[in-house]
Amino acid sequence: MSTTTKKGFFSSKSPTIMLIYIIFLMLPIYWLINMSLKTNEEILGTFSLFPNNLTFDNYIIIFTDPSWYWGYINSITYVLMNTVISLAVALPAAYAFSRYTFLGDKHLFFWLLTNRMAPPAVFALPFFQLYSSVGLFDTHIAVALAHTLFNVPLTVWILEGFMRGVPKEIDETAYIDGFSFFGFFTKIFTPLIASGIGVAAFFCFLFSWVELLLSRTLTSVNAKSIAVTMTKTVSASGVDWGVLAAAGVLTLIPGALVIYFVRNHIAKGLSLGRV
Amino acid sequence: MRKTVNQKAWFLVLPVILLVAFSAVIPLMTVVNYSVQDTFGNNVFFEVGLEWFEEILHSERIHAALGRQALFTTIILLIEIPLGIFIALNMPKKGFWASASLILVALPLLVPWNVVGTIWQIFGRSDIGLLGHTLANLGIEYNYSQDVLSAWITIIVMDVWHWTSLVVLLCYAGLQSIPSAYYQAAKIDQASRWNVFRYIELPKMMGVLLIAFLLRFMDSFMIYTEPMVVTGGGPGNATTFLSIDLVKMAIGQFDLGPAAAFSLIYFLVILLVSWAFFTIITNIDKQEN
Amino acid sequence: MAKITLSNLAHSYIENPTKPEDYALRKIDHEWTDGEAYALLGPSGCGKSTLLNIISGILTPSEGKILFDEKDVTTETTANRNIAQVFQFPVVYDTMTVKENLEFPLKNRGASKEYIEKRVASIAKSIQVEDILNKKARGLTADAKQKISLGRGMVREDVNAILFDEPLTVIDPHMKWELRTQLKTLHKELGHTMIFVTHDQTEALTFADKVVVMNVGCVLQIGTPEELFKKPAHTFVGYFIGSPGMNFFDVELEGNIAKLDDKQIELNYSYEKTSKKIELGIRPEFVTLTNNSNDIKIEIDRVEDVAHHKIVRALLNGKKVNIIVPEDEKVTEDMTYISLDKDKINIYVDSWLVEGEKIS
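Chains as they are written, first to last, in the numbering used here: chain W, 748 to 1022; chain B, 2 to 290; chain Y, 6 to 365.
(1) What's the call for W357 of chain Y, buried or exposed, on a 16-neighbour Cβ count within 10 Å?
(2) Does the contact criterion of 3 or more C-beta pairs under 8 Å hold for the region 104 to 111 of chain B versus the region 1000 to 1013 of chain W?
(3) In the structure shown, what three-state DSSP assignment does V97 of chain Y receive?
(4) Out of W:T937, W:I770, W:F849, W:L991, which one is the CA nearest neighbour of K9 of chain B?
(5) Output the distance between the C-alpha atoms of I316 of chain Y and G247 of chain Y, rounded to the nearest integer angstrom.
(6) Which residues of the region 178 to 192 of chain B have a Cβ closer than 7 Å to any Cβ of chain Y? Give them in chain order.
(7) Under 7 Å between beta-carbons, which chain B residues line up against R114 of chain Y? List them in chain order, please.
(8) Give the single residue among Y:E122, Y:T80, Y:V224, Y:P110 whose Cα lies nearest to the Cα of I5 of chain Y.
(9) Indicate whether E227 of chain B and G118 of chain B have their beta-carbon atoms separated by less than 9 Å.
(10) Strictly by DSSP, which residues pair up with K264 of chain Y?
(11) Can you check whether the C-beta of I917 of chain W is within less than 9 Å of a C-beta belonging to chain Y?
(12) Pull up the DSSP beta-bridge partners for N351 of chain Y, would you.
(13) Measure the CB-CB distance between T895 of chain W and I944 of chain W and report whether it falls below 9 Å.
(14) Which residue or residues does DSSP assign as beta-bridge partners of L345 of chain Y?
(15) Judging by CA-CA distance, which residue of Y:R161, Y:I287, Y:N322 is the nearest neighbour of N85 of chain Y?
(16) Can you tell me whether DSSP reads Y18 of chain Y as helix, strand or coil?
(17) In terms of alpha-carbon separation, which member of B:S221, B:W153, B:V14 lies closest to V903 of chain W?
(18) Flag this pair as yes or no: are the beta carbons of M223 of chain B and I271 of chain B separated by less than 9 Å?
(19) Quick check on DSSP: helix, strand or coil for S117 of chain Y?
(20) Compute the distance between the beta-carbons of G158 of chain Y and A89 of chain Y, then report whether it is under 9 Å.
(21) Alpha helix (DSSP H) containing Y1007 of chain W: first to last residue?
(22) Suppose the cutoff is 8 Å on Cβ atoms and the five residues either side in sequence are ignored; what does the same chain contact list for T964 of chain W look like?
(23) Tell me which same chain residues have a C-beta within less than 6 Å of the C-beta of L991 of chain W, skipping the five on either side of it?
(24) Note down the Cα distance separating K141 of chain Y from D99 of chain Y, rounded to an integer number of angstroms.
(25) Can you pull the chain Y neighbours of P204 of chain B, defined as C-beta to C-beta under 9 Å?
(26) Whole angstroms is fine: what's the gap from Y847 of chain W's alpha carbon to E334 of chain Y's?
(27) Run down chain B in chain order and give the residues with a C-beta less than 8 Å from the C-beta of K853 of chain W.
(28) Using a Cβ-Cβ distance under 9 Å, would T83 of chain Y count as near chain B?
(29) With a threshold of 9 Å between beta carbons, is F94 of chain Y in contact with chain W?
(30) Determine, using beta carbons only, whether A147 of chain Y comes closer than 9 Å to chain W.
(31) State the Cα-Cα distance for the pair T229 of chain Y and K181 of chain Y, rounded to the nearest angstrom.
(32) Which residue or residues does DSSP assign as beta-bridge partners of I301 of chain Y?
(33) With a Cβ-Cβ cutoff of 9 Å, do Y43 of chain Y and A213 of chain Y count as a contact?
(34) When you compare the region 140 to 150 of chain B with the region 180 to 190 of chain B, are there three or more beta-carbon pairs, one atom per stretch, that lie closer than 8 Å?
(35) Could you say if the region 908 to 923 of chain W and the region 961 to 977 of chain W meet the contact criterion of at least three C-beta pairs nearer than 8 Å?
(36) So, is N91 of chain B buried or exposed, given that buried needs 16 or more other C-beta atoms within 10 angstroms?
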């Protein structure tokens, strides 16, 4: 019978390990879902593996209250903007770092990394002043740009690592075969670093999505993020656990979709085809 | 790979520099400014500034927080890195389960950090949480709000739950980018499973492992929301890590000066460690060539 | 060393192949002589890599068998077939030194220390890596790495065959020649069966004792470089080999007379009547430019000066014709005719070479 090339050394791994890990990961999430389907009284009052009085009220609140669903839409908007900008800017830079040496390259690379290290708290107030002064306060682009501070270095870093794994000879062979730089980059190079792009895109999305401080500082009404909207559940009268849990469950969905879409890139692997 | 010298590469890097500098340099200057000013508007530079730095550097409270932070970061790194590698090696590479695993593994990363704290806060309560309830039924002593050890274990397990997947994803992508020819060559050479890991997989994952390590180091050093929500820094100040202490100070004393000074020092520590790592790695690289 | 036999071998990547086009590799029956150097030559997608992977064991064929020295190895793993493979890009263990790389296969088989030392020294000498034995493999050039890949394959004395999958792809052009020469010398020295996959005819023709020309999953011809040059079995082989390739003209055939355009060409052989497509093939080397109006008329498009000779690109009734003119001969304005060396004419029916009856 025909068998295709097997990737990886084990063709049959023990699935037990994965199973245990995934159960470990899913338990709190199951608990979250559990909470989202209960009333606050039940959450705080009793211990039950399954809601005694199953209720969708928490979800209904979110779907019907504009400030809730706008929170999601706003977040998705600026996160996607950020991902696109970060990738677009990082790809050429990472290429330069991986293939060329130039004056100050190592220091530049490290300076970039330092921006990822900076605690966002440090930048909250200055950013507020900066974006207000150029009239971009409470816009999606402001948050998208602000997040590039820490996402771009990370993206460059990840992409450079993957690009380094592609031998320069591939580039040269492509030029000999008549490709322009742009043609080579899009048709040959990008598929080879697909894993890296998938991972970098996902991380951009991830870190921008969960960021709370800057997205709160730079927005008020129009571009209010979901993370901020969720703080609504904590008020003087206590915590609205049910709604918070439901909101939490719903935040998982966009990210899950992103990973679903880049899964082929991440799982692709380097296939040095015929050049 | 031999890199060619090409000063024109600066053009490729320019967009990144402009974007990041716009965000980083301008605000940073403001911060430096703050830390040497008195908040109530007396623009008395330098003398006042140095005072704040002095105070911070000698504060016992800060030293304690730093110690707790170092312990925490070390523990989670020791757990998350090997665990992440191990899981990545065992993740399916093709087919339905590959996609399913990827999505499930990624989920903890996507939960907003305040929700993470909230989940675990409830999760760990013996009256209404799955974990707490189960442990109580098994007769194990567990109370994260009153017992220091329980609090630490809860925070650590929470962090491992939350962030190991980051290491897994990076290592998985790194593994996937190893051309199958290497595995075939290993088969032809009759290499053992351990040899394959040691000579092919691990070297090829070094790049992503470094990224994973530094990321986890940086982020765990800055950890705030999750422990804050679960234990509030307690019991007492048992889980008061650096940023929690920083915020307490800033809010409590309503004084941005020392807080800003603290931020800078904080930043410098991370910078130093990362620079050390970076230099070590690039030196190893240079030696090999 | 081993004799490799392919028996009724075919491969399709689809579940239930029905038409010939469904096959990546169409039926092939062949015996590879022990100790010979073969080249698998053909354009991208012709099935040569599929064939190589079947021989090495990376791929199991959907039909047929493969035997090493009469032993059926069709379902055997790569490791058990005792072959070595050099890939398109260098596969070396970066963290090990060159020496450790070469020792690795032997260590895994539990060979004795003395034996390993001896073998490694001998191979290192053959592939000329003695001076870098203690260097880490990571920082070496692409050609050095390929040599190490090769060395790792050859270090096992009992290796049945060495397979090369377009190994010179990532090598610098000026090193390609060096490596090719070294490979040929190694082959003479050690006598392993070598199978070399390439799409570059120069590589194939200079390296191999016998060349297997493939296209679209079919093996078109297996022969020495000379045979391929003089008597290509298929028009594709004629096109592919030679620079430029063979010229083909549509002709009508009557016994031993070929009618091209309005001219008649006398042939050395007479052929059976047929209604299928008939082509006359002749290499540019054997076409002469003349100014004799009795010869076949052509239009010269341009003349390319290629150092040792000139290539004249011309058209015959709109169809391309290439003529090679020796360096010292001049091309004048009135030379708009060609004559063909009838000893070097091949006739193709339905693209395949046919032999006629010799006229005495």
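Virtual Cβ for every residue (Gly too), placed ideally from N, Cα, C.
Walking through what the data contain:
(1) Flag for W357 of chain Y reads exposed.
(2) Taking a contact to require three or more Cβ pairs closer than 8 Å, the region 104 to 111 of chain B and the region 1000 to 1013 of chain W qualify as touching.
(3) Here V97 of chain Y sits in coil by DSSP.
(4) The candidate whose alpha carbon is nearest that of K9 of chain B is W:F849.
(5) I316 of chain Y and G247 of chain Y have their C-alpha atoms spaced approximately 13 Å apart.
(6) The region 178 to 192 of chain B vs chain Y, Cβ under 7 Å: A182, Y183, Q185, A186, K188, I189, D190, Q191, A192.
(7) Under the 7 Å cutoff, chain B gives Q191.
(8) Lying outside 6 to 365, the shown extent of chain Y, residue 5 of chain Y is not represented and no answer is given.
(9) The Cβ atoms of E227 of chain B and G118 of chain B lie closer than 9 Å to each other.
(10) Y:E257, Y:Q269.
(11) Chain Y contact via Cβ: present.
(12) Note: N351 of chain Y sits in a beta bridge opposite Y:G286.
(13) No, these two residues do not count as a Cβ contact at 9 Å.
(14) As a beta-bridge residue in DSSP terms, L345 of chain Y pairs with Y:V292.
(15) Distances from the CA of N85 of chain Y to each of Y:R161, Y:I287, Y:N322 were compared; the closest alpha carbon is that of Y:R161.
(16) Note: Y18 of chain Y maps to coil in three-state DSSP.
(17) If we check each option's Cα against that of V903 of chain W, B:V14 comes out closest.
(18) Yes, Cβ-Cβ distance for M223 of chain B and I271 of chain B is below 9 Å.
(19) Of the three classes helix, strand and coil, the one that applies to S117 of chain Y here is coil, per DSSP.
(20) Cβ distance < 9 Å, so G158 of chain Y and A89 of chain Y count as in contact.
(21) Where Y1007 of chain W is concerned, the enclosing alpha helix (DSSP H) stretches over 988 to 1013.
(22) The residues are A871, L872, F874, F875.
(23) Only residues of its own chain outside the window of five on either side were considered, and among them T980 have a CB closer than 6 Å to the CB of L991 of chain W, listed in chain order.
(24) If you take the alpha carbons of K141 of chain Y and D99 of chain Y, they lie about 7 Å apart.
(25) Those are Y98, D99, T100, R143, listed as they occur along chain Y.
(26) Their backbone Cα atoms lie some 50 Å apart in a straight line.
(27) Within 8 Å Cβ-Cβ: T283.
(28) Closer than 9 Å: yes.
(29) Closer than 9 Å to some Cβ of chain W, the Cβ of F94 of chain Y qualifies, so yes.
(30) A147 of chain Y counts as touching chain W.
(31) Their Cα atoms are separated by approximately 22 Å.
(32) Y:I343.
(33) Y43 of chain Y places its beta carbon less than 9 Å from that of A213 of chain Y.
(34) No, they do not touch.
(35) Verdict: no, contact absent.
(36) Taking all protein chains in view, the Cβ of N91 of chain B is crowded by 16 or more other Cβ atoms within 10 Å, so the residue is classified as buried.
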